[in-house]
Amino acid sequence: MKPPFVIEVPHPRYFRDDHCANCLTELPLDIQGLYCSTWCQEIAAQVRYVRRVFRDGRRDDPDVQLAIQTKNAFLVIGGYRSLGRKLTTRIRTEIRLRDQGQCQQCGKPGVEVDHIAGNSDDPKNLQLLCLDCHHAKTAENMVPASDESKALIMGMMVTRVMPDEPQLLADDGVNWNGQWRKLQAARKERFLDMLRAEGVRIKSKDTHVERVLAYLNATSPPPATPAPAPPPVGGDAFFDNLMRDVWS
Ligand SMILES: [Zn+2]
Ligand SMILES: [Zn+2]
């Protein structure tokens, strides 16, 4: 998977039901929102913010420039850490249930299933974190921008910030703010329709993760033996290269 800073779309203001509004990958069932990850959510928010300040004159404000650069660096380094670590919907759902929807560091509502250390998908190495605690952990891993990460940001600027026509619906501040709630409600309705089609009983007190687990159990029972751990992929190699750039 490529880092989702540059997206090719068939037409401006593109959006596809049940696909991430930022990277266009299919959304797993446990995701109730319109982005596959908080990383994608924050990239789209950054695109909307930078588009706005480039057009309202604030782009020349040194404070605004610093804020943009800091956030860009954060998005490149922080998000890349998670690229090679795709968890299955079932594992994420089970961790969300086990951790009772709460951040395991501060108790606020959890949003991201985090690898505590390294890439192992063993439940003991996974925890639910809130956005703030996830950010704090990402910031610990920050390193200065390399040429590759600068190229990613440049690509985002050229393809998503500079064009007058926003490429993604989520890049378009005005339209996105007016539409995302409706789109999210429609996604929820489609999910409930899927449950009904599988004969899964919908109880009003059930949480979303409980419903997802009921659907998974109805359509694909849990495997008898755990799947072998996937080999390490792109994300960490990229990070290791960045670290080499820094230390050498
Ligand atoms: Zn995404
Ligand atoms: Zn927290």
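Residues in the sequence shown are numbered consecutively from 859, following our numbering.
By construction, the Cβ of each residue, glycine as well, lies at the ideal position given by its N, Cα and C atoms.
Given the structure is predicted, the values throughout are model-derived calculations rather than measurements.
Would you grab the beta carbon distance between residue i and residue j for me? Rounded to a whole angstrom, and I think it's under 8 Å.
i: Val1070; j: Asp888; result: 5 Å
i: Gln1025; j: Val867; result: 5 Å
i: Ile953; j: Leu986; result: 6 Å
i: Gly1013; j: Arg906; result: 17 Å between Cβ atoms; not a contact.
i: Leu885; j: Asp876; result: 5 Å
i: Pro862; j: Ile901; result: 6 Å
i: Gln904; j: Leu933; result: 6 Å
i: Val1058; j: Ala1076; result: 5 Å
i: Asp972; j: Leu955; result: In fact, because the Cβ distance is near 16 Å, the residues do not count as touching under 8 Å.
i: Ala879; j: Leu1027; result: 7 Å
May I ask whether a heavy atom of ligand 2 can be found less than 8 Å away from the beta carbon of residue i?
i: His1031; result: The amino acid occupying residue 1031 in the given sequence is Gly; His does not appear at that position. Outside the cutoff, so no.
Tell me whether residue i counts as near ligand 1, meaning its Cβ is closer than 8 Å to at least one heavy atom of that ligand.
i: Tyr1073; result: no
i: Pro862; result: yes
i: Trp897; result: yes
i: Tyr893; result: yes
i: Thr883; result: yes
i: Asn880; result: yes
Along the alpha helix (DSSP H) that carries residue i, what are the first and last residues, could you check?
i: Val1067; result: 1066–1077
i: Leu945; result: No alpha helix (DSSP H) contains Leu945, which DSSP labels as neither H nor E.
i: Ile901; result: 896–913
i: Val1032; result: 1031–1055
Considering just the uninterrupted stretch of the beta strand (DSSP E) at residue i, what are its terminal residues?
i: Val801; result: Since the first and last residues shown for the chain are 859 and 1106, residue 801 lies out of range.
- Taking 6 Å as the limit, tell me which residues put their C-beta closer than that to any heavy atom of ligand 2, in chain order. Cys961, Gln963, Cys964, Lys966, Leu987, Cys988, Asp990, Cys991
- Item | Runs of alpha helix (DSSP H) lying entirely within the segment 977–1007, each at least 4 residues, in chain order | 989–998
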